[in-house]
Every structure is written in C-alpha cells, then in structure tokens.
Amino acid sequence: MEPDQLEEWTDDYWSWVAVVLFLLIPVDLLTTAGAATIYGTQAETNPLMRWLLTRRLATIVAVHLAVLVAVVVSFRVMVFLLETTDERYQRAFAYGIEAFVGLLLLAGLVVFANNLSVIVLGESLL
7 MEPDQLEEWT DDYWSWVAVV LFLLIPVDLL TTAGAATIYG TQAETNPLMR
57 WLLTRRLATI VAVHLAVLVA VVVSFRVMVF LLETTDERYQ RAFAYGIEAF
107 VGLLLLAGLV VFANNLSVIV LGESLL
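Under my numbering, residue 132 is the last one in the sequence shown; the count climbs by one each step, no gaps.
Here it is as structure tokens:
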C-alpha cells in the first residue's frame with residue numbers, strides 16, 4: 007500500500023473511531039441516565055453500568071474517561087502496527103481494523119437503540 011493511501015486510510019479510521027466514541031461515551035451515558043431517571047437503575051440490563059449508576063458522578067466520569075483512553079490507546083497501537091506491517095499484508099490488516107471499527111460502531115448503535123427503547127417503550131430490546 008502506498009504511504010499516501012495508508013495515511014488517507016488511517017485518517018478515515020480515526021474519523022470513524024471518533025464517531026464510535028461519541029456513540030459509546032456521551033450518547034450512551036446521556037440516554038442511560040435518561041432511562042435511569044425515568045425507570046430507575048433496575049431498568050439497566052448491563053450489570054456493570056447498573057452498579058456504576060449507583061456511584062457518584064465523579065466515579066461515572068472517571069470510568070468513562072478510562073474507557074475512552076483505553077480505546078484511543080488501543081486504536082493507536084493498531085494504527086502503529088498497520089504502519090509497520092509488511093506492505094504485502096497491510097491491506098488485510100487494514101480490513102481487520104475496518105471490521106473492528108465496524109463492530110464498535112454496531113455496538114454503539116445497538117446500545118443507543120436499546121436505551122431509546124427503554125426511554126420510549128419502558129423495556130429493553132435485549
């Protein structure tokens with residue numbers, strides 16, 4: 007893969023990771039908080055998030071920031087590995103990264119849809 011093409015792909019990947027993180031961090035947190043306000047923490051199906059909702063706001067923010075940092079660092083490592091991978095394997099590696107980002111995006115959309123379902127319908131899709 008040409009260096010210019012590789013740089014273009016990694017820039018696109020970072021854009022998609024930003025979208026995923028927007029879905030998984032603030033949008034999920036706001037819709038979860040909305041559902042918990044209306045139906046209480048027992049409406050939360052994720053046991054970790056249910057536990058987290060009973061903690062102080064500072065703890066909730068700290069955990070979400072830790073998740074944000076973990077995802078960004080992990081993704082940066084993947085991009086570094088892509089850049090240092092032998093050129094003949096870069097395209098396959100890039101497709102793996104695309105699949106990873108796509109699965110994260112899907113997870114974010116499912117969580118968002120589930121939270122909206124709890125808010126609007128009063129029950130989880132899961």
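Glycine included, each C-beta is placed from N, C-alpha and C at the ideal position.
In angstroms with no decimal places, state the Cα-to-Cα distance between aspartate 34 and tyrosine 101. Between aspartate 34 and tyrosine 101, the C-alpha separation is close to 27 Å.
For the ligand FAD, is there any heavy atom lying closer than 7 Å to the beta carbon of alanine 72? No copy of the ligand FAD appears in this structure; indeed no ligand is present at all.
CB of alanine 119 within 8 Å of CB of leucine 131, strictly: yes
Express the C-alpha separation of glutamate 50 and arginine 141 in angstroms, rounding to a whole number. Residue 141 is absent from the structure shown; the chain starts at 7 and stops at 132.
Give every residue of the same chain whose Cβ lies closer than 8 Å to the Cβ of glycine 40, excluding the five residues on either side of it in the sequence, and list them in chain order. Asn121 and Ile125
Kindly say whether alanine 49, judged by its beta-carbon, lies nearer than 8 Å to any beta-carbon of chain B. Absent from the structure: chain B. Only one protein chain is present.
Count the other C-beta atoms from every protein chain shown that fall within 10 angstroms of the C-beta of glutamine 48, then say buried if there are 16 or more, exposed otherwise. exposed
Indicate the three-state DSSP secondary structure (helix, strand or coil) for threonine 16 in the structure shown. helix
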